[in-house]
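Going down the list, the protein sequences come from chains A and B. Here the working numbering is used: the first residue of the first sequence is 23, the next is one more, and so on. Here the working numbering is used: the first residue of the second sequence is 2, the next is one more, and so on.
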Amino acid sequence: MMILQPIIVLLGAAAIIPLIDLLGKKIGFEKIRDIVAIAAFLIAFIILYSFFGNLPQSFTIDPYGPPLGVELRVDNLSLYMAIIFCGLGLLVSIYSIKYMEVDSGLDKYYSLLLILVAGMIGVAFSNDFFNLYVFWEMMCVASYTLVSFRKYKWEPVEAGFKYLVMSTIGSLISLYGISLLYGLVGSLNFTKLHSAIETIYGNGSAPLSLLYLVICMIIVGFGVTAAMVPLHTWLPDAHPAAPSSISAMLSGVVIKTGVYAMFRSLFTIFHPKIFDFGTILMLFGVLTITIANFMALMQKDIKRLLAYSSIVNIGYILVGGGIGAYVLTHYGLKEASIAGIAIIGSLLHILNHAISKGLLFLCSGCFTHEAKTRAISKLEGIGKKMPLSGLSLSIGLFNLAGIPPLSGFWSKLFIILASLSIPENNFMLAISIIVILNSIFAASYYLWLTQRIMLKKPTEIVEKVHEAPLSMVFPIIVLAILCILITIKLDLFIKIVELASNNLLGGV
Amino acid sequence: MNDVLSIYLTTSLLLIILGFYCISSKRNMVKTIIGIEIITSAINLNFITLGFSKNGVDYFAQSITIISISIAACIAAVALSLILNAYRHYGSIDLRKLRRLRW
Numbered sequence: 023m024m025i026l027q028p029i030i031v032l033l034g035a036a037a038i039i040p041l042i043d044l045l046g047k048k049i050g051f052e053k054i055r056d057i058v059a060i061a062a063f064l065i066a067f068i069i070l071y072s073f074f075g076n077l078p079q080s081f082t083i084d085p086y087g088p089p090l091g092v093e094l095r096v097d098n099l100s101l102y103m104a105i106i107f108c109g110l111g112l113l114v115s116i117y118s119i120k121y122m123e124v125d126s127g128l129d130k131y132y133s134l135l136l137i138l139v140a141g142m143i144g145v146a147f148s149n150d151f152f153n154l155y156v157f158w159e160m161m162c163v164a165s166y167t168l169v170s171f172r173k174y175k176w177e178p179v180e181a182g183f184k185y186l187v188m189s190t191i192g193s194l195i196s197l198y199g200i201s202l203l204y205g206l207v208g209s210l211n212f213t214k215l216h217s218a219i220e221t222i223y224g225n226g227s228a229p230l231s232l233l234y235l236v237i238c239m240i241i242v243g244f245g246v247t248a249a250m251v252p253l254h255t256w257l258p259d260a261h262p263a264a265p266s267s268i269s270a271m272l273s274g275v276v277i278k279t280g281v282y283a284m285f286r287s288l289f290t291i292f293h294p295k296i297f298d299f300g301t302i303l304m305l306f307g308v309l310t311i312t313i314a315n316f317m318a319l320m321q322k323d324i325k326r327l328l329a330y331s332s333i334v335n336i337g338y339i340l341v342g343g344g345i346g347a348y349v350l351t352h353y354g355l356k357e358a359s360i361a362g363i364a365i366i367g368s369l370l371h372i373l374n375h376a377i378s379k380g381l382l383f384l385c386s387g388c389f390t391h392e393a394k395t396r397a398i399s400k401l402e403g404i405g406k407k408m409p410l411s412g413l414s415l416s417i418g419l420f421n422l423a424g425i426p427p428l429s430g431f432w433s434k435l436f437i438i439l440a441s442l443s444i445p446e447n448n449f450m451l452a453i454s455i456i457v458i459l460n461s462i463f464a465a466s467y468y469l470w471l472t473q474r475i476m477l478k479k480p481t482e483i484v485e486k487v488h489e490a491p492l493s494m495v496f497p498i499i500v501l502a503i504l505c506i507l508i509t510i511k512l513d514l515f516i517k518i519v520e521l522a523s524n525n526l527l528g529g530v
Numbered sequence: 002m003n004d005v006l007s008i009y010l011t012t013s014l015l016l017i018i019l020g021f022y023c024i025s026s027k028r029n030m031v032k033t034i035i036g037i038e039i040i041t042s043a044i045n046l047n048f049i050t051l052g053f054s055k056n057g058v059d060y061f062a063q064s065i066t067i068i069s070i071s072i073a074a075c076i077a078a079v080a081l082s083l084i085l086n087a088y089r090h091y092g093s094i095d096l097r098k099l100r101r102l103r104w
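So this is what it looks like as structure tokens:
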């Protein structure tokens, strides 16, 4: 039952917030709903933290438990992801107190934010496709609604509809693949599917092409939410249209849920030694990095630039996972350590990107809150007027640019080192060269943005702005400190990530 | 029995193709959502069919279908509310009007 506690806390709070809001209006203290939301996130975070050392745990409902039925399971990887989701949710809810003050319907906003995080934690905890699909859709419906929260403007409505149609089609494609798996095995439990698929492959009772079709459906289906090129087109529209706090959630964690669901289902069910999905992931990864990098360079809107940069980073994560699977397929267990390094790099980059991109979107929210514009040309020199936000933005940009010794550098280095570890393989060599060139290219526009925000002469609009309120600056500073803390305590974080990567490669 | 199952599975596949055709060719926002609903129904049919065996029906497949129907209803509700807002902005539910987003 303990596994359910964080999800129950978040969903319970989501259910009572509309009532709390009514109470708050009666007693003249409307902020009570914000406090309840923050308290719920804090309690869920503490519960998640208490899981450390008591893993793995699972929860089933008799008589529908595994191997036939549903199961929630927490291991190091699930917990790692869930803590990132809940932690960023907590900081975003604190940020929202002041940032969302101008909006109405905040009871719905906080309820949806809580449902979004509960859905993501549910996805991380699911050990079967049934649970995963239910929590997945819970997360998706909440995110569509949050993207189009400011429905009185045209942009959120258009972006929300585009996101809804694309994401739903993606979910349905993966659900069709899941239905085929169910037809082959008669169960949706990951553990059961893992052993059954190996048996099916061994005795040849299902054509290999059908199993590869299912793999493609899973990659494409979850790839839409992960914003993998060419399925990314919803993201650059949805991020600028949503409130900055929601952009931070979408970019920081929601797209990672897509990557997590993809990696978890592929690595757990389809043995990388048998099925070569690593090549597909690597190809999609480098395509994602390259195209998104070029698109990012053309942007004039700070939030669109950050949105494209999120797609670039998803590319790195995909390449990392792809290298892990590819090495296991082509070189087997004798090179398992290289696969491990690639997966560690990929998972560490998930953490680095979640923190840095959350930080960058929250900073851009501060700028737009004060200067009322998203155009980079009009925001020039704002770092001088808003020193705390500007400095934090620079730390986030340096981290994503991979400036040593920041942790963003190390996660990219792990991925590149893994791809260079087998020099006789020309395909991996080509992939690593593309990744290295793209990293340098990406670093150039991050530094360009830093220079424009921090060093240029303040524009006319910027001259009038002041530092954002403390409740908005506080989460930004916490995230900036986290960026530096991970760098200082890198060995500790690598140990945590190593445990998580062992869970991902557990079936190998 | 396999013949009957293959008829259902083929029907499901045809419905999916029909749904994709509807989404890609229609310019009306409501028709796009109808296309999504058709695909959802096709996948539900697939689940029910694959859950059927000589020993009878699998309740697990049926429970997935019921949940899937509920989720599809939620998505349709959100989509229709967005269509309503789009109509307020543009006075039309023609998808071609929703082209103010840049690349």
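Note that beta-carbon positions come from the ideal geometry of N, C-alpha and C, so glycine has one too.
Neighbourhood of residue i by C-beta, 7 Å cutoff - its chain only, sequence neighbours within 5 removed
i       : result
K120(A) : P491, S493 and M494
G354(A) : K295
E38(B)  : A73 and A77
A61(A)  : none
A361(A) : G346, V349, L350 and L527
Cα-Cα separation, residue i to residue j
i       : j       : result
A181(A) : C162(A) : 14 Å
W104(B) : P262(A) : The pLDDT assigned to W104(B) is 48, lower than 50, so where the model puts this residue is not dependable; a value taken from the coordinates is nonetheless given after this. Straight-line Cα distance between these residues: approximately 12 Å.
V73(B)  : I510(A) : For the sequence presented, residue 73(B) should be read as Ala rather than Val. Taking the straight line from one Cα to the other gives about 47 Å.
E357(A) : N76(A)  : 30 Å
V484(A) : G367(A) : 39 Å
K322(A) : Y330(A) : 12 Å
R55(A)  : S433(A) : 38 Å
T221(A) : F297(A) : 13 Å
G109(A) : I336(A) : 20 Å
L400(A) : T390(A) : Looking at the sequence itself, residue 400(A) is Lys, so the reference to Leu does not match. Answer to the nearest angstrom: the Cα atoms are 11 Å apart.
V58(B)  : L51(B)  : 9 Å
T481(A) : I458(A) : 35 Å
L94(A)  : Y198(A) : 22 Å
L507(A) : L319(A) : 30 Å
I114(A) : E489(A) : As written in the sequence, residue 114(A) is Val, which differs from the Ile given in the question. Taking the straight line joining both Cα atoms gives about 18 Å.
V543(A) : T255(A) : Because chain A in this structure spans residues 23 to 530, residue 543(A) falls outside the shown range and cannot be described.
I444(A) : R326(A) : 37 Å
V242(A) : F151(A) : 16 Å
F73(A)  : S429(A) : 25 Å
R101(B) : D125(A) : 24 Å
D4(B)   : L10(B)  : 10 Å
Bridge-paired residues (DSSP) for residue i
i       : result
W29(B)  : For clarity, residue 29(B) is Asn in the given sequence; the question names Trp instead. Bridge partners of N29(B): D95(B).
L94(A)  : F81(A) and S148(A)
N211(A) : D150(A)
A397(A) : D323(A)
S117(B) : Residue numbering for chain B in the displayed model covers 2 to 104; residue 117(B) lies beyond these limits and cannot be assessed.
F53(B)  : V58(B)
Own chain partners of residue i with C-beta closer than 6 Å, once the 5 adjacent residues on each side are dropped
i       : result
Y204(A) : L210
K130(A) : none
W158(A) : V145
K478(A) : E402 and G403
Y287(A) : Rather than Tyr, the amino acid found at residue 287(A) in this sequence is Ser. Result list for S287(A): I240, in chain order.
M250(A) : F306 and T310
Contact set for residue i: own chain, Cβ-Cβ below 8 Å, skip 5 residues either direction
i       : result
G166(A) : In the sequence under discussion, the amino acid at residue 166(A) is Tyr, which differs from the Gly named in the question. Within the same chain, Y166(A) has close Cβ partners G182, Y185, L186 and S189.
I425(A) : F431 and A465
N207(A) : Correcting the residue identity first, residue 207(A) is Val in this sequence and not Asn. If we look at V207(A) and ignore the five residues flanking it on each side, its Cβ neighbours are K214, L215, A218, I219 and I222.
V169(A) : P178, A181, G182, Y185, A260, A263, A264, I268 and L272
V276(A) : L138, M142, M161, S165 and T247
M379(A) : One point to set straight first is that residue 379(A) is Lys, not Met, in the sequence displayed. Cβ neighbours of K379(A) beyond the five flanking positions: A270, S273, G274, L328, S331, S332, N335, G418 and L422.
Neighbouring residues, chain E, relative to residue i (Cβ below 7 Å)
i      : result
C75(B) : Given the protein chain composition of this structure (A and B), no chain E is represented.
Three or more beta-carbon pairs under 8 Å between the region 406-414 of chain A and the region 441-452 of chain A, yes or no? Fewer than three Cβ pairs drawn from the region 406-414 of chain A and the region 441-452 of chain A lie within less than 8 Å of each other, which leaves the two stretches out of contact.
Pair every Cβ in the region 102-109 of chain A with every Cβ in the region 232-247 of chain A, then say whether three or more of these pairs are closer than 8 Å. Using a C-beta cut-off of 8 Å, the region 102-109 of chain A makes no contact with the region 232-247 of chain A, since fewer than three inter-stretch Cβ pairs fall below that distance.
Secondary structure, alpha helix (DSSP H): runs of 4+ residues fully inside the region 445-527 of chain A: Within the region 445-527 of chain A, the complete alpha helix (DSSP H) runs of at least 4 residues fall at 448-476, 482-485, 492-510 and 512-526.
Could you pull out every unbroken alpha helix (DSSP H) segment of at least 4 residues lying fully inside the region 99-173 of chain A, listed in chain order? Segments of the alpha helix (DSSP H) lying fully in the region 99-173 of chain A: 128-147 and 151-169.
Which runs of the beta strand (DSSP E), 3 residues or longer, sit entirely within the region 234-271 of chain A? Counting whole runs of 3 or more residues, the region 234-271 of chain A contains no beta strand (DSSP E) stretch at all.
Below 8 Å, can you find three or more Cβ-Cβ pairs linking the region 324-343 of chain A to the region 296-309 of chain A? Contact holds between the region 324-343 of chain A and the region 296-309 of chain A, because three or more Cβ pairs, one in each stretch, are under 8 Å apart.
Taking 8 Å as the cut-off, does the region 452-466 of chain A touch the region 378-398 of chain A (at least 3 CB pairs, one atom from each stretch)? Contact between the region 378-398 of chain A and the region 452-466 of chain A is not established, with fewer than three Cβ pairs separated by less than 8 Å.
Is it true that the region 279-295 of chain A meets the region 435-446 of chain A, where meeting means three or more beta-carbon pairs spaced less than 8 Å apart? No, they do not touch.
Only counting runs of 4 or more residues, tell me where the alpha helix (DSSP H) segments fall wholly within the region 357-418 of chain A, in order along the chain. DSSP runs (the alpha helix (DSSP H)) wholly in the region 357-418 of chain A: 358-393 and 404-407.
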